[in-house]
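Chemist:
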């Protein structure tokens, strides 16, 4: 029987702000040992909140959660000994060399210092030739890869990553994919959150689709791909006098939501190519990109 | 015990690697000179004002020493704490380590060594200008109180940076604290307990050992240890509830 190392049951969290923000609404999830699970969802879906609860940094309002053999609410220290967290921004100290960072972070993580093992990991992730240089000379992608390599070099069985490709260019994303592909071979349990569907699909054994603080579905990557194989396009544009025309056109084809100055339009397939063409002469499209997220994750 | 080892090792490593990084980046050396200059500017402004009103300039030195010993652990730590907690991606990496807050404390101490060195350069220059009288016995007791106050000041600084949205502004008030220290009376026994550095300032002026202000001052320090630890624990609990400085 597969051992479950991360288990969340009906976890809820409302941030005590004015007005209160319901970030998680009864989220349930489990991750088996050695599995790579991708949390896929748009911004604001609750992925980061869930990760912070899992790490013991944030307390849930309701529900139960276990990580390894510890309860993050009562035993955050015990959780910290089993989990290495890699945030969306490079966390290593930029003025120091990679070797200096390695020595420091191993002390902070309470890992016995093993220079040979770290050297082996730096070699494996093609970092050793520049490990004596300060990180200010590294690209953002390389800094992120270096942080990840150090986290993997520890003996912690669980690795948690929050938006590991955020702010990376295509090359940086590919580097991260390569490192994580390699990491999967180490037998560690990996949980990562991302809004980038192709990235999640390229790594995860299972995908949990999250939106509005709930898990909409969990499935293996292959069946997920079959079900959500179509591409979805999100167009971002500034509200404009000619909104009416666009809104009508969009409402007929898909989902529509409003968020302050920006509006998101989600639609399927070929109609979007047409839509894009239609929007261009109106000079309304400020930014457009392929989001690849299923429409059910769109904000309500 | 394990936590203590982690904290001391990581603090020393932070200090050592920051020093190496500073030597690698030569231009940072110039910034070091600015640190004593900042504190000294305030000192010299007060010094000039006292001269103008024919005040006792010698009385300036010990308040300046107290100011430096408070500004560094309270004000600077508050600023650093706020700086890191406002960005959850960075602070969570530290909080998700076995020693959590203590690791951050070690980092702040390691990071603020430049500030500490700078502060004391300022204190030495001030001592050369004012040439204060130091009574070794009562003066030692006074310094003991000030050193014992360092720990609760650091805890309070960390707590404020973790919880208060205005911590950055508050730390700037601490930076101007010399004026408040000069204005506060130093001969009130209840104030020795409530504000222990007043006992210290009183002791610096005494040629003979006086146990009463020392004991009152130390009792006050003990209260501040308890209070600031409690504040830190409240601030951290609030942070875990989602009420930290990074709240949306």
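Residue numbers (the working numbering), protein chains in the order written: chain A, 1 to 300; chain B, 301 to 548.
Idealized CB from N, CA, C, for every residue including glycine.
In this text the structure is predicted, and so the values were computed from the model without any measurement.
Strictly by DSSP, which residues pair up with residue 346 of chain B?
Modeler: None, per the DSSP bridge assignment.
Chemist: Quick check: residue 10 of chain A and residue 26 of chain A, are their CB atoms within less than 8 Å of each other?
Modeler: The answer is yes: Cβ separation under 8 Å.
Chemist: Would you mind working out which of A/50, A/107, A/101 sits nearest residue 81 of chain A, comparing C-alpha positions?
Modeler: When only C-alpha atoms are compared, the closest one is A/107.
Chemist: Would you mind working out which of A/139, A/14, A/162 sits nearest residue 59 of chain A, comparing C-alpha positions?
Modeler: Ranking the options by Cα distance to residue 59 of chain A, first place goes to A/14.
Chemist: Can you find a CB in chain A that lies within less than 8 Å of the CB of residue 418 of chain B?
Modeler: It does not: the Cβ of residue 418 of chain B has no partner Cβ on chain A nearer than 8 Å.
Chemist: Does the beta carbon of residue 262 of chain A sit closer than 8 Å to a beta carbon anywhere in chain B?
Modeler: The predicted model places residue 262 of chain A with a pLDDT of 37, which falls under 50 and marks its position as unreliable, so this point remains unresolved.
Chemist: With a threshold of 8 Å, are at least 3 pairs of Cβ atoms found where one atom belongs to the segment 480 to 493 of chain B and the other to the segment 383 to 392 of chain B?
Modeler: The answer is no - the segment 383 to 392 of chain B does not touch the segment 480 to 493 of chain B, with fewer than three Cβ pairs under 8 Å.
Chemist: Report the rounded CA-to-CA distance for residue 176 of chain A versus residue 145 of chain A, giving the unit in angstroms.
Modeler: Rounded to the nearest angstrom, the two C-alpha atoms are 6 Å apart.
Chemist: List the endpoints of the continuous alpha helix (DSSP H) containing residue 514 of chain B.
Modeler: Note, residue 514 of chain B: alpha helix (DSSP H), 511 to 541.
Chemist: Please give me, in chain order, every unbroken run of the alpha helix (DSSP H) with length at least 4 that falls completely inside the segment 384 to 468 of chain B.
Modeler: Correct list: 388 to 395, 400 to 411, 413 to 430, 436 to 463.
Chemist: Give me the Cβ distance between residue 92 of chain A and residue 205 of chain A, rounded to the nearest whole Å; I'm assuming they're in contact under 8 Å.
Modeler: Residue 92 of chain A to residue 205 of chain A, Cβ: 28 Å. No contact.
Chemist: Suppose the cutoff is 7 Å on Cβ atoms and the five residues either side in sequence are ignored; what does the same chain contact list for residue 288 of chain B look like?
Modeler: In this structure chain B extends from 301 to 548, so residue 288 of chain B is not present and cannot be described.
Chemist: Ignore the nearest five residues each way along the sequence and tell me which others in residue 134 of chain A's own chain have a CB closer than 8 Å to its CB.
Modeler: Excluding residues within five positions, the ones whose Cβ falls inside 8 Å are 94, 95, 96, 97.
Chemist: Please confirm if residue 258 of chain A has its CB atom under 8 Å from at least one CB of chain B.
Modeler: Any reading at residue 258 of chain A needs caution, since the residue's pLDDT is 45, under 50, leaving its predicted position unreliable; the model's value is listed next. No - not a single Cβ of chain B is within 8 Å of the one on residue 258 of chain A.
Chemist: Using the DSSP secondary-structure output, state which residues sit across from residue 29 of chain A in a beta bridge.
Modeler: DSSP output for residue 29 of chain A lists A/8 as bridge partner(s).
Chemist: So which residues on chain B does residue 80 of chain A lean against when the C-beta distance must stay under 9 Å?
Modeler: The answer, in chain order, is 395, 396, 397, 398, 399, 400.
Chemist: In whole angstroms, give me the CA-to-CA distance for residue 346 of chain B and residue 360 of chain B.
Modeler: So the two alpha carbons sit approximately 8 Å from each other.
Chemist: Can you check whether the C-beta of residue 310 of chain B is within less than 8 Å of a C-beta belonging to chain A?
Modeler: Yes, because at least one Cβ of chain A sits closer than 8 Å to the Cβ of residue 310 of chain B.
Chemist: Are the segment 141 to 157 of chain A and the segment 123 to 130 of chain A in contact at 8 Å, needing three or more beta carbon pairs?
Modeler: Because the criterion of three Cβ pairs below 8 Å is met, the segment 141 to 157 of chain A and the segment 123 to 130 of chain A touch.
Chemist: From A/7, A/157, A/170, pick the residue whose C-alpha is nearest to that of residue 72 of chain A; which is it?
Modeler: Looking at the Cα atoms, A/7 is the closest of the given residues.
Chemist: How long is the line joining the alpha carbons of residue 154 of chain A and residue 507 of chain B, rounded to whole angstroms?
Modeler: Distance between the alpha carbons of residue 154 of chain A and residue 507 of chain B is about 58 Å.
Chemist: Name the DSSP beta bridge partners of residue 36 of chain A, please?
Modeler: Bridge partners of residue 36 of chain A: A/190.
Chemist: When Cβ atoms are compared, which residues of the segment 110 to 143 of chain A fall closer than 8 Å to chain B?
Modeler: Going along the segment 110 to 143 of chain A in chain order, one finds 110, 134 with a Cβ nearer than 8 Å to chain B.
Chemist: Kindly indicate which residue of B/340, B/351, B/375, B/516 has the alpha-carbon position closest to the one of residue 453 of chain B.
Modeler: The candidate whose alpha carbon is nearest that of residue 453 of chain B is B/375.
Chemist: Any idea which residues DSSP pairs residue 215 of chain A with across the strands?
Modeler: Per DSSP, A/210.
Chemist: Establish whether the CB of residue 165 of chain A and some CB of chain B are separated by less than 8 Å.
Modeler: Closer than 8 Å: no.
Chemist: At the 8 Å Cβ level, is residue 77 of chain A part of the contact set with chain B, yes or no?
Modeler: Yes, because at least one Cβ of chain B sits closer than 8 Å to the Cβ of residue 77 of chain A.
Chemist: If you reduce the DSSP assignment to three classes, tell me which class residue 497 of chain B lands in.
Modeler: Residue state, collapsed to three classes: helix.
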